[in-house]
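Residue numbering for the sequence shown follows numbering that gives the first Met the number 0, starting at 0 and increasing by one per position.
Ideal Cβ positions, reconstructed from N, Cα and C, are used throughout, including at glycine.
All figures in this text were calculated on a predicted structure; none of them were measured in a lab.
Take a look at the structure below.
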Amino acid sequence: MKLRDLVYGLYARRVEGRLDHAQVPKHIGVILDGNRRWARAAGGTTEQGHKAGASKIQELLGWCDETDVEVVTLWMLSTDNLDRPEKELIPLLGIIEDAVRDLAADGRWRIHHVGTMDLLPARTQVVLKEAEQATDHIDGILVNVAIGYGGRQEIADAVRSLLLDHASKGTSFEELAEIVDIDLISEHLYTRGQPDPDLVIRTSGEQRLSGFMLWQSAHSEYYFCEVFWPAFRKVDFLRALRDYAARHRRYGY
């Protein structure tokens with residue numbers, strides 16, 4: 000073991016020992032950013048970067064399990080990412096499919112897809128549906144895999160779903176205008192029935208949401224981490240939780 004690793008390990012245990020589990024966020028959203036830049040910095044390929052990022056997911060969920068986090072949303076593929084060149088997109092989708100299969104096979108996590116299923120290739124859709132069905136009975140952390148996800152797209156899909164639902168009930172536009180509110184729209188989001196994220200973490204040093212959970216993150220706390228996602232360590236995770244616990248959430252007041 001390198002001296003640096005030993006020091007980080009000791010520091011991580013120190014931070015964890017001082018962590019108040021009563022103040023740990025129940026729902027964490029994570030923007031897994033920086034795979035390609037990590038690969039370039041390491042002299043590797045884009046595909047190697049995506050594979051390294053996928054392998055980090057199980058570690059993160061293990062840390063979440065240790066600290067009593069209940070829901071984790073992982074942004075693995077945006078709707079914008081679907082416009083990438085095929086030579087990158089096809090291998091990336093394969094890596095994502097393997098990662099979802101691994102999460103389902105682990106047996107500890109309950110998988111739920113958030114995103115527009117119809118935008119994804121048929122093979123990816125099958126993998127996501129099978130993962131959801133295979134883990135539906137599990138009472139562990141609920142893991143939202145955001146694949147083919149965009150925040151604006153989610154809101155548009157929610158409104159569309161709401162309109163179709165009430166059209167099937169014979170509700171007039173005038174009647175719908177009288178009853179539509181925040182709660183009604185929330186019932187048609189991809190995350191309906193779930194708590195909103197308390198904390199959103201973004202790796203790679205970028206300080207923007209890029210459309211991640213636009214509706215749900217209205218009162219979330221944000222933590223921007225400089226390291227690329229494949230290099231994200233337990234100490235980085237614990238620092239995010241410590242920073243969150245130190246804040247005084249005012250929910251807009």
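Q.
Mapping the DSSP letters down to three states, classify W74 as helix, strand or coil.
A. In this structure, DSSP gives W74 an extended state, which the three-state scheme calls strand.
(Q) Which same chain residues end up closer than 6 Å to H20 when comparing Cβ atoms and leaving out the 5 residues on each side of it in sequence? (A) Cβ within range, chain order: D67.
Q. In chain order, which alpha helix (DSSP H) runs of at least 4 residues are fully inside the segment 51 to 118?
A. As far as the segment 51 to 118 is concerned, its whole alpha helix (DSSP H) runs of at least 4 residues are 85 to 105.
(Q) By the three-class DSSP mapping on this structure, what secondary structure does L198 have? (A) L198 sits in a strand when the DSSP states are folded into three classes.
Q.
Is the beta carbon of A145 closer than 7 Å to that of V113?
A. Yes.
(Q) By the DSSP assignment, the beta strand (DSSP E) with L188 in it spans what residues? (A) No beta strand (DSSP E) contains L188, which DSSP labels as neither H nor E.
Q) Taking C-alpha atoms, which residue in W62, P24, R39 and V23 lies nearest to F231? A) Measuring from the Cα of F231, the nearest candidate turns out to be W62.
(Q) To the nearest angstrom, how far is the alpha carbon of G42 from that of S167? (A) Between G42 and S167, the C-alpha separation is close to 56 Å.
Q.
Using 7 Å as the threshold, is the C-beta distance between G149 and T78 below it?
A. The Cβ atoms of G149 and T78 lie closer than 7 Å to each other.
Q.
Using a Cβ-Cβ cutoff of less than 6 Å, which residues in the same chain neighbour G204 once the five nearest sequence positions on both sides are dropped?
A. Hits under 6 Å: E225.
Q. Between V142, N80 and K86, which lies nearest to A98 when the distance is taken from Cα to Cα?
A. Looking from the CA of A98, the closest CA among V142, N80 and K86 belongs to V142.
Q: Using alpha carbons as the reference points, say which of Y221, L188 and W228 lies closest to R241.
A: Closest in C-alpha terms to R241, from the list Y221, L188 and W228, comes Y221.
Q | K55 versus W228 - alpha carbon distance | A | Each residue's CA atom was taken as its position, placing K55 and W228 some 8 Å apart.
Q) Should the segment 121 to 136 be regarded as contacting the segment 179 to 187, the criterion being three or more beta carbon pairs within less than 8 Å? A) The answer is no - the segment 179 to 187 does not touch the segment 121 to 136, with fewer than three Cβ pairs under 8 Å.
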